[in-house]
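So for the sequence shown, numbering that gives the first Met the number 0 puts the first residue at 0; every next one is plus one.
All C-beta atoms in this analysis are idealised placements derived from N, C-alpha and C, irrespective of residue type, glycine included.
Working notes, beginning with the structure itself.
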Amino acid sequence: MKNVILIGAGGDLGVNIDGASLSPRIILNKCNFPKILLEQDKNIIKSQDKNDLKKNLKPLNEFNQKLYETILKEKKFCFTIGGDHSISIASSLASLKKQDDLGLIWIDSHLDYNTFETTITGNLHGLPLATLNGLNKDLSKFHNGSYFNPKKTVVVGYRAFEANASAEINNIKTMGVTVFTTKDIQESGVSKIMDMAFKIASPTNNFVHVSIDLDVIDPQIAPGVSVKEKDGLLKNEINQIIDYLKTKESKIKSLDLVEYNPLNDKDNKTLDIALDIINKLTND
Ligand SMILES: [Mn+2]
Numbered sequence: 000m001k002n003v004i005l006i007g008a009g010g011d012l013g014v015n016i017d018g019a020s021l022s023p024r025i026i027l028n029k030c031n032f033p034k035i036l037l038e039q040d041k042n043i044i045k046s047q048d049k050n051d052l053k054k055n056l057k058p059l060n061e062f063n064q065k066l067y068e069t070i071l072k073e074k075k076f077c078f079t080i081g082g083d084h085s086i087s088i089a090s091s092l093a094s095l096k097k098q099d100d101l102g103l104i105w106i107d108s109h110l111d112y113n114t115f116e117t118t119i120t121g122n123l124h125g126l127p128l129a130t131l132n133g134l135n136k137d138l139s140k141f142h143n144g145s146y147f148n149p150k151k152t153v154v155v156g157y158r159a160f161e162a163n164a165s166a167e168i169n170n171i172k173t174m175g176v177t178v179f180t181t182k183d184i185q186e187s188g189v190s191k192i193m194d195m196a197f198k199i200a201s202p203t204n205n206f207v208h209v210s211i212d213l214d215v216i217d218p219q220i221a222p223g224v225s226v227k228e229k230d231g232l233l234k235n236e237i238n239q240i241i242d243y244l245k246t247k248e249s250k251i252k253s254l255d256l257v258e259y260n261p262l263n264d265k266d267n268k269t270l271d272i273a274l275d276i277i278n279k280l281t282n283d
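If you want it as structure tokens, here you go:
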């Protein structure tokens with residue numbers, strides 16, 4: 000992949016657990032690419048109010064607006080390194096603003112499809128995918144343009160069924176987004192699922208944005224995330240996904256890698272996987 004710039008998005012205002020904001024600085028330091036590092040204001044005190052269902056909305060939007068404007072100006076291939084997954088609201092919408100009719104592939108153990116009405120925690124990293132399909136407008140006020148077509152939006156790797164997710168599942172079904180579970184991958188194999196994902200996200204050979212949440216990987220292999228979901232993808236499966244993405248390089252407009260949390264990592268296991276993914280996807 001030529002002409003890559005890493006955009007460090009050091010924000011974790013979307014999650015009540017600290018740590019993801021620290022990861023871009025660590026990752027960018029180990030990568031030999033042009034880079035821009037944005038970090039959230041260290042003086043912000045996160046909301047701990049259980050009844051607050053729009054936690055840190057204002058500073059989160061301010062951070063995302065900066066990220067959005069940074070990516071809009073950038074001519075290189077933007078590979079955004081989070082941060083929690085709320086930063087992908089900005090990275091994805093900026094990419095869509097630059098490229099019409101962009102499909103969206105969301106590789107994640109969670110749906111990230113809550114709305115302000117269905118979220119139980121108010122942790123806004125559970126809302127970005129719904130936001131990218133045009134819901135939760137309060138999270139995208141900085142964006143003046145269209146949203147991702149739900150019919151060209153695909154989730155790969157979902158498995159967080161037990162997390163009181165019925166309202167979220169209802170949201171995503173109503174909108175018409177396609178979801179492939181971890182079980183689907185294990186039963187049908189990576190290449191078949193990824194073939195289908197690309198057919199849905201890119202039916203007319205249009206470009207796609209790919210957003211990879213590290214919690215799609217099994218937490219025994221990649222413990223350094225904020226919200227762990229057991230029974231995840233094994234090393235072989237995530238490697239196959241990355242190899243597959245490599246074959247579709249010419250159709251990928253932009254990438255995110257999010258949710259690395261160094262405070263939860265063990266022996267840099269997750270860091271090593273994150274660096275491996277970045278190196279594989281960016282190597283020519
Ligand atoms: Mn996510």
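From the DSSP output, in three-state form, read off residue i for me.
i      : result
Glu258 : coil
Leu232 : strand
Leu5   : strand
Glu116 : coil
Leu128 : helix
Ile86  : helix
Glu61  : helix
Val215 : helix
Ile241 : helix
Val189 : helix
Phe147 : coil
Is the distance from the Cβ of residue i to the Cβ of residue j below 8 Å?
i      : j      : result
Ile44  : Ile4   : no
Ile26  : Ala221 : no
Gly18  : Ser225 : yes
Phe147 : Leu131 : yes
Ile251 : Val189 : no
Gly231 : Thr181 : yes
Val257 : Ile86  : yes
Asp40  : Pro58  : yes
Leu21  : Gly10  : no
Asp255 : Thr79  : yes
Val155 : Ile88  : no
Ser94  : Ile70  : yes
Leu110 : Glu167 : yes
Phe76  : Ser253 : yes
Ile241 : Lys279 : yes
Of all the options the options, which has the alpha carbon lying nearest to the alpha carbon of residue i?
i      : options                           : result
Leu126 : Tyr112, Asn205, Asn204 and Cys77  : Tyr112
Asn55  : Lys229, Lys279 and Phe115         : Phe115
Ser249 : Asp271, Asn235, Tyr259 and Asp283 : Asp283
Pro202 : Asp137, Lys151 and Thr281         : Lys151
Lys172 : Phe197, Leu59, Ala129 and Gly10   : Ala129
Lys247 : Met195, Lys227 and Lys229         : Met195
Asp100 : Leu92, Asp242 and Ile106          : Leu92
Leu138 : Ile240, Gly121 and Ile104         : Gly121
Phe62  : Leu12, Asn235 and Ala166          : Leu12
Leu52  : Ile70, His124 and Gly7            : His124
Lys229 : Lys49, Ser187 and Gln219          : Gln219
Tyr157 : Leu134, Arg24 and Gln185          : Gln185
Asn263 : Leu213, Asn238 and Lys49          : Leu213
Asp48  : Leu103, Lys97, Ile119 and Gly7    : Ile119
Asp271 : Leu244, Gly223, Leu233 and Tyr243 : Gly223
Lys74  : Gly102, Pro23 and Gln98           : Gln98
Ala200 : Lys191, Pro149 and Asn42          : Pro149
Per DSSP, residue i is paired with what?
i      : result
Phe179 : Val155
Phe78  : Leu5 and Leu254
Glu38  : Gly9
Gly102 : Val207
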